[in-house]
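2 protein chains.
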Amino acid sequence: MQYKGYLIDLDGTMYRGNHEIEGAKKFIHHLNTHAIPYLFITNNSTLTREAVVQKLASFGITTTIHHILTSAVATAKYIKGQNKQAACFIIGEVGLITAFEEAGLTITDQNCDYVIVGLDREITYDKLAKASLLIRQGAQFISTNSDAAIPTEAGLLPGNGSLTAAISTSTGVQPIFVGKPENIIMEEAMKLIGLDRDNVLMIGDNYETDILAGINANIDTLMVLTGFSTLEDLEAVTKKPTYIKKDLIEWMHVK
Amino acid sequence: MQYKGYLIDLDGTMYRGNHEIEGAKKFIHHLNTHAIPYLFITNNSTLTREAVVQKLASFGITTTIHHILTSAVATAKYIKGQNKQAACFIIGEVGLITAFEEAGLTITDQNCDYVIVGLDREITYDKLAKASLLIRQGAQFISTNSDAAIPTEAGLLPGNGSLTAAISTSTGVQPIFVGKPENIIMEEAMKLIGLDRDNVLMIGDNYETDILAGINANIDTLMVLTGFSTLEDLEAVTKKPTYIKKDLIEWMHVK
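Chains as they are written, first to last, in our numbering: chain A, 1 to 255; chain B, 1 to 255.
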């Protein structure tokens, strides 16, 4: 446990669907009691930070909204950093809308500087059409994350990468993606945690998002085998995680 | 006018949005009065053949449903030819639903053999999710056409290629496309018109759909400059249309 701070994935690392993951609660309790800086980083843009705190609480994991960085919040911070007065058209759920409201950005469907697309399970043709027209008129196209599919109790359902593909196909314009494995969310995370990148470890279960995000950001990585990726998945990749552990209990036993 | 039969595009060739195109009415009147075989071929899957006949009538063009091949009808015929008892999940509008009902195919969302996607301006996340799950369970993925965008009075709005991209991204499965420039709709057209391909001319305004459909099907092509593609668009292409004319009036003056 030789790092001064931790960036930690949620789904597959802290919980799996509605199931606890062994060691997660104990690990966060350790960080809390020793006042070790950490930040949960999730591509999920549909939940507010408050809702993430509540979800973690349901697994017995205690944290605060200041320890949560969703792709929604990272997107709002990124746009705010580019243009404080940005007029934004948003496709997305309460997590994304709330993040933009809290950032003091203008949400509108007229004369937009940005079109932001996050997972929206109330997507309509009118929303896709409006986004397409605004992008064709010159609005910059931003997507919270490129996840093609999301795991649910019913199976793998369309993720935000899927809705984003509808708009990029319609317009011929590729978006800027904010979420893991892209750098934008990681840069926002580094600002928030306030440590040098040598002192930070990125922990996650998904090689393609979490681990690549760490590798792209020059941050050491720990892949836990409690979620999506398996040891077999790593055989074909050239850039390996810094560490691979069965779970966070095994990590905590590292001296 | 040296061909025994004609395959004719609609939008940009017979009308443009709500506007008449010079010569279209006269050309079809000539075919009707001389009993020359012809078939309108459209990628639009949202309209029934009856609705297409009515739309043409609004421009003074007289025809019958037997002269209409929509991508909806071509898709239903294609699937019927593969599996008469096919169970089909359909995303689409009345034109697509009606084509499958008329073909006597089973429309359901359980244990499907096929998932068929056509433009649906009442698309929902649930429809995208259902399609994704069924394709992941092994249903064959068919799309009426790959048009990325459709011209409307409001501008270029998402076409069926855009909705299809959402599902192919979500599932990682590429569909079979039926509409122009693919061969499936052209093969259905050749069966319906009942002539050798040497005796048939494909007429359209869009190089990427109409003209390439003809070229792919080894049918002579006439590109009219009354719609989407321009002479400049042709500079970069290696496979040229057989003929290029300003409009159908110019074509009718060819001896």
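The beta carbon of each residue, even a glycine, is placed where N, CA and C say it ideally should be.
Would you mind sorting N145 of chain B into buried or exposed? The rule is 16 or more other CB atoms within 10 Å of its CB.
-> buried
Along the chain, which unbroken stretches of the alpha helix (DSSP H) at least 4 residues long are found entirely within the region 58-108 of chain B?
-> 71-82, 94-102
When the Cβ atoms of the region 76-92 of chain A are set against those of the region 56-64 of chain A, are three or more pairs found closer than 8 angstroms?
-> In this structure the region 76-92 of chain A does not touch the region 56-64 of chain A; the number of beta carbon pairs closer than 8 angstroms is below three.
Own chain, CB closer than 6 angstroms to G159 of chain A, minus 5 neighbours either side, in chain order | Exclusion of the five residues before and after G159 of chain A leaves D147, A148, A149, I150 as the residues of its chain whose Cβ lies within less than 6 angstroms of its Cβ.
Take D11 of chain B and list the residues in its own chain whose beta-carbon comes closer than 6 angstroms to its own, dropping the five residues that flank it on each side.
-> none
Just mark H269 of chain A as buried or exposed, buried being the case when its beta carbon has 16 or more other beta carbons within 10 Å.
-> The structure shown does not extend to residue 269 of chain A, since chain A spans only 1 to 255, so no value can be given for it.
How is the alpha helix (DSSP H) around S229 of chain A delimited, first residue to last?
-> Note, S229 of chain A: premise wrong, no alpha helix (DSSP H); not H, not E.
Assign D198 of chain B to buried or exposed, taking buried as 16 or more other Cβ atoms, counted over all protein chains shown, within 10 Å of its Cβ.
-> exposed
Given 8 angstroms as the limit, is there contact between the region 119-132 of chain B and the region 82-100 of chain B, that is, 3 or more CB pairs closer than that?
-> yes
Report all residues from its chain with a CB closer than 6 angstroms to the CB of Y99 of chain B; omit the five preceding and five following residues, and keep chain order.
-> The sequence as given places Ala at residue 99 of chain B; Tyr does not occur at that position. So the qualifying residues of the chain are A72, V73, A76.
Beta-carbon spacing of T202 of chain A, G214 of chain A below 8 angstroms = The sequence given here has Met at residue 202 of chain A, not Thr. In contact: M202 of chain A and G214 of chain A (Cβ atoms closer than 8 angstroms).
Can you pull the chain B residues whose beta carbon is under 7 angstroms from the beta carbon of G194 of chain A, in chain order?
-> Result: empty, since nearest Cβ-Cβ is about 36 angstroms, beyond 7 angstroms.
Check whether the Cβ atoms of V200 of chain A and I219 of chain A sit closer than 8 angstroms, and answer yes or no.
-> yes
Segments assigned alpha helix (DSSP H), at least 4 residues, entirely inside the region 162-215 of chain B = Counting only runs that start and end inside the region 162-215 of chain B, the alpha helix (DSSP H) elements of at least 4 residues fall at 183-193.
Short Cβ contact (8 angstroms threshold) for I68 of chain A with I185 of chain A | no
State the beta-bridge partners of Y243 of chain A as determined by DSSP.
-> A:L222
State yes or no: is the beta carbon of S162 of chain B nearer than 8 angstroms to at least one beta carbon in chain A?
-> yes
Same chain only: Cβ atoms within 7 angstroms of D109 of chain B, ignoring 5 sequence neighbours per side | F89, K130
Candidates A:Y207, A:G138, A:D196: closest to Q174 of chain A by CA position = For Q174 of chain A, the nearest C-alpha among the options comes from A:G138.
Count the CB pairs spanning the region 232-247 of chain A and the region 21-31 of chain B that are closer than 8 angstroms, and state whether there are at least three.
-> No contact exists between the region 232-247 of chain A and the region 21-31 of chain B.
Could you spell out the range, first to last residue, of the alpha helix (DSSP H) harbouring A217 of chain A?
-> Segment: none, A217 of chain A is in no alpha helix (DSSP H) and carries neither H nor E.
Taking I91 of chain B as the query, report the chain A residues whose CB atoms sit under 7 angstroms from its CB, ordered along the chain.
-> Those within 7 angstroms of I91 of chain B in chain A number zero; the least Cβ separation is about 11 angstroms.
Looking only at its own chain, which residues have a Cβ that is under 6 angstroms from the Cβ of F228 of chain B, when we skip the five neighbours before and after it?
-> G12, D205, N206
Buried or exposed: which applies to Q140 of chain B, given that a residue is buried once 16 or more other Cβ atoms fall within 10 Å of its Cβ?
-> buried
Could you check which residue in A:L234, A:E232, A:L156 has the C-alpha nearest to that of D126 of chain B?
-> A:L156
Looking at Y15 of chain B and F59 of chain B, is the spacing between their C-beta atoms short of 8 angstroms?
-> yes
Taking all protein chains shown into account, decide if A57 of chain A is buried (16 or more other Cβ within 10 angstroms of its Cβ) or exposed.
-> exposed
Close Cβ partners of L212 of chain B (< 8 angstroms) along its chain, the five nearest in sequence each way excluded = Contacts found: K180, P181, K239.
Measure the alpha-carbon distance for L234 of chain A versus L7 of chain A and round it to whole angstroms.
-> 21 angstroms
Classify D9 of chain B as helix, strand or coil using the three-state DSSP reduction.
-> Taken through DSSP and simplified to helix, strand or coil, D9 of chain B comes out as coil.
Do we get a CB-CB distance below 8 angstroms when we pair T13 of chain A with the residues of chain B?
-> False, the Cβ-Cβ gap to chain B never drops below 8 angstroms.
Relative to the C-alpha of V178 of chain B, which residue among B:T209, B:I167, B:S170, B:M252 is closest?
-> B:T209
Cβ-Cβ distance between L128 of chain A and I167 of chain A below 8 angstroms = yes
Straight-line Cα distance separating N216 of chain B from T152 of chain A | 42 angstroms
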